[in-house]
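Numbering (our numbering), first residue to last: 70 to 366. Notes for the one structure printed next.
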Ligand code: URA
């Protein structure tokens, strides 16, 4: 029986006895099912971000701030660590998903299957990421209202068996507002997020290795247009895949990304390592504040 209540659940496959969650390095078998349920059954918040280091920092920070006991050397990664780092801290599963939509998609599928097998209920997915701000300065946290693709449509298209399938990218509005209300002094805005397939030309940068087929003026006009007319406040590489998946699965999803720079002012990320650590901490703190409130602590 599915407890997580996946809307478009793949019953035909998920009800079989065995499944190899290959990229997580975990397996469902009749013998191991109980162990998975013990480890993951209490998960309520899946917090995902690109970098393995940030997944660990977030897990350790959540443990400290929410008063969840952890072992002396800090939290330990579960499964194999070749493709991602995954930690469980009380009701939080913190996992890295790599850069871009293809690797994110793999972890969305495998984590959702894992939670389904573990009998989880009432789970929320929150992506905690980094982004290029549009009209917002480095360090500002942007909570996504609508995820839109690189053509400014609120959809995500995947090619399957040679055919395009397009899915809506609507996110959970109340969850976004609850996260906004948890910003507690951290500069936070709500706005649309453009999800692209690329960091350089896909985001209109002019500092890649290849001569871009657009001018400085084209770049500036486009960024100003998406800010003024499409309400875009940041650009990253995962939002549309994430939103389309959560939407299809019927799982409440939210995206909380810090801006590393203001793209209306430049292309290069020039913040110092200390500033970057502080920026990433801003987004994590908003999410931890939300979880604390949500748990009633
Ligand atoms: N991540 C992105 O995808 N774009 C940026 O500009 C910064 C971080």
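A virtual CB, placed ideally from N, CA and C, is assigned to each residue, including glycine.
- Nearest neighbour of residue 139 by Cα position, chosen from 158, 146 and 124, turns out to be 158.
- Take the alpha-carbon of residue 264 and the one of residue 120: they are about 18 Å apart.
- In this structure, residue 201 has its beta carbon less than 7 Å from a heavy atom of the ligand URA.
- Scanning its chain for C-beta atoms nearer than 7 Å, with the 5 sequence neighbours on each side dropped, one finds around residue 175 the residues 92, in chain order.
- Residue 199 is bridged by DSSP to 327.
- Residue burial annotation: residue 225 is buried, with at least 16 other C-beta atoms found within 10 angstroms of its C-beta.
- The Cβ atoms of residue 216 and residue 359 do not sit closer than 8 Å to each other.
- In this structure, residue 349 sits near residue 199, with a CB-CB distance shorter than 8 Å.
- DSSP places residue 307 in the coil class of the three-state scheme, outside both helix and strand.
- For residue 304, the shortest separation between its Cβ and any heavy atom of the ligand URA lies below 7 Å.
- 168 is the residue among 230, 339, 168 and 356 whose C-alpha sits nearest the C-alpha of residue 310.
- Taking a C-beta distance under 8 Å as the contact criterion, residue 295 and residue 240 do not qualify as a contact pair.
- Inter-residue distance for residue 336 and residue 276 is about 7 Å (C-alpha atoms, whole angstroms).
- Per DSSP, the unbroken beta strand (DSSP E) holding residue 95 starts and ends at 95–97.
- The beta carbon of residue 344 sits closer than 8 Å to those of 207 and 208, all from its chain and outside the five residues before and after it, given in chain order.
- With a cutoff of 8 Å on beta-carbon distance, residue 131 and residue 357 are scored as near each other.
- One alpha carbon belongs to residue 98, the other to residue 113, and they sit about 23 Å apart.
- Taking the Cβ of residue 268 as the reference point, at least one heavy atom of the ligand URA falls within a distance shorter than 7 Å.
- Listed as beta-bridge partners of residue 156 by DSSP are 163.
- For secondary structure counted as the alpha helix (DSSP H) over 4 or more consecutive residues, the stretch 234–267 holds these complete runs in sequence order: 242–249.
- DSSP places residue 115 outside any alpha helix (DSSP H); the residue lies instead in the beta strand (DSSP E), whose first and last residues are 114–118.
- Listed as beta-bridge partners of residue 225 by DSSP are 236.
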